[in-house]
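Per numbering that gives the first Met the number 0, the sequence shown starts with residue 0, numbered consecutively.
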Amino acid sequence: MIEPIAKYPGSKWLLAPWIISYFPEHKIYVEPYMGSAAVFFQKKPVAHEVLNDLNGSVVNLFRVIRDRGDELAQAVYLTPWSEEEYHTAEKNYTDGDELEQARRFLVRIWQAHGGTISQISGWRRNGLKGNVYPNRLWNKLPERLLAVVDRLKMAEIRNRPALEIIKSYNSPDALLYVDPPYVLSTRSRKYYLHEMTDSEHIELLELLNKHQGPAVLSGYPCPLYDDRLSHWQRVEMPTAGEHGKKHIEVLWLNSKAQHRQLSLFGEAI
């Protein structure tokens, strides 16, 4: 089983099986906002898969894993869990070649305290809460990186604006899984390098309403979405976020996405 390789705000790792259960059969799979690609890593591969993100550091990380996975795993293996290492990576994350930038990005997102990459949040020390030792997960990361190399080799990895990607794959055969930054009014702080204004969310929703194939959209409960997607199916899942704070995760499904996959017993899953 593939395990998480990137600690990323809004990551859907635990929710992925629930999300995937709403995916209909498809030939093309597109994530315009891939983030940690948690859903991609847990779904079954299809003929054509596209991962996209506007954050160049995210895109570089996945390209390096795909093309230079052995080298990156070795570099991470030799990297200690260290406050000095973290601050160097935080301040100089664009230094070095693509491999070094990928290593430093992993240091930034794994050794940071908190779930944001939009601002400096400080180094995460060991043993602050009971028996929590995050360095143990860091030591397992090289093995996790190697485990996803083959999966990433099947994907086209892009670094373009999400709406451009959505327009490019406006096809009945293309399933869009859309996981944009949460609407700002639904959370207490900024998490992402590239946030979205309400007007940008509205532009996204207008484009999704024109998509010819299935589309599944993730978010928190939000009138801005509900008002413009009133004809879409809406499903909820209670979940726990950072620091155990409970919230509701919502999926909106267009009409083409409402033909769910069937289990071996012929029932919707």
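C-beta: ideal position from N, C-alpha, C; glycine also. All values derive from a computational prediction rather than experimental measurement.
Spatial neighbours of V63 in its chain, beta-carbon cut-off 7 Å, leaving aside the 5 residues before and after: If you number the sequence shown from 1, residue 63 lands on position 64. The answer, listed in chain order, is L71, E97, L98, A101.
Endpoints, beta strand (DSSP E) assigned at V29: Along the sequence shown, one-based indexing puts residue 29 at 30. Annotation for V29: the continuous beta strand (DSSP E) segment containing it runs 27 to 30.
For L263, the three-state DSSP class (helix, strand or coil): Working through the sequence shown from its first residue, we reach residue 263 at position 264. In this predicted model, L263 has a pLDDT of only 36, less than 50, meaning its place in the structure is not dependable enough to derive any value.
Sheet register partners of K245 (DSSP bridge): Translated into positions along the sequence shown, residue 245 becomes position 246. Under DSSP, the beta-bridge partners assigned to K245 are A239.
CA nearest to the CA of S254, picked from R227, T78, N208, D226: In the sequence shown, residue 254 corresponds to position 255, counting from 1. With distances taken between Cα atoms, S254 lies closest to N208.
Residue from V249, Y176, Q110 whose Cα sits closest to the Cα of W137: If you number the sequence shown from 1, residue 137 lands on position 138. Answer by Cα proximity: Q110.
Other residues of its chain near K42: CB distance less than 8 Å, five sequence neighbours each side excluded: Translated into positions along the sequence shown, residue 42 becomes position 43. So the list reads A15, I19, F22, Y28, once near-sequence residues are dropped.
4 or more residues per run - each alpha helix (DSSP H) lying fully within the region 30 to 110: 37 to 41, 55 to 76, 82 to 90, 97 to 109
Per-residue DSSP class, three states only, for I165: Indexing the sequence shown from 1 puts residue 165 at position 166. Helix.
Coil, strand or helix - V147 by DSSP: Here the question's residue 147 lines up with position 148 in the sequence shown. Coil, per DSSP.
Spatial distance of G121 from A256 (CA atoms): Against the sequence shown, residue 121 aligns to sequence position 122. Against the sequence shown, residue 256 aligns to sequence position 257. G121 and A256: Cα-Cα distance of roughly 41 Å.
Per-residue DSSP class, three states only, for L14: What you label residue 14 is simply residue 15 of the sequence shown in a count that begins at 1. Looking at L14 - three-state DSSP - the assignment turns out to be coil, as it is neither helix nor strand.
D69 CB to nearest heavy atom of the ligand NAP below 8 Å: With respect to the ligand NAP, the structure offers nothing, as it holds no ligand at all.
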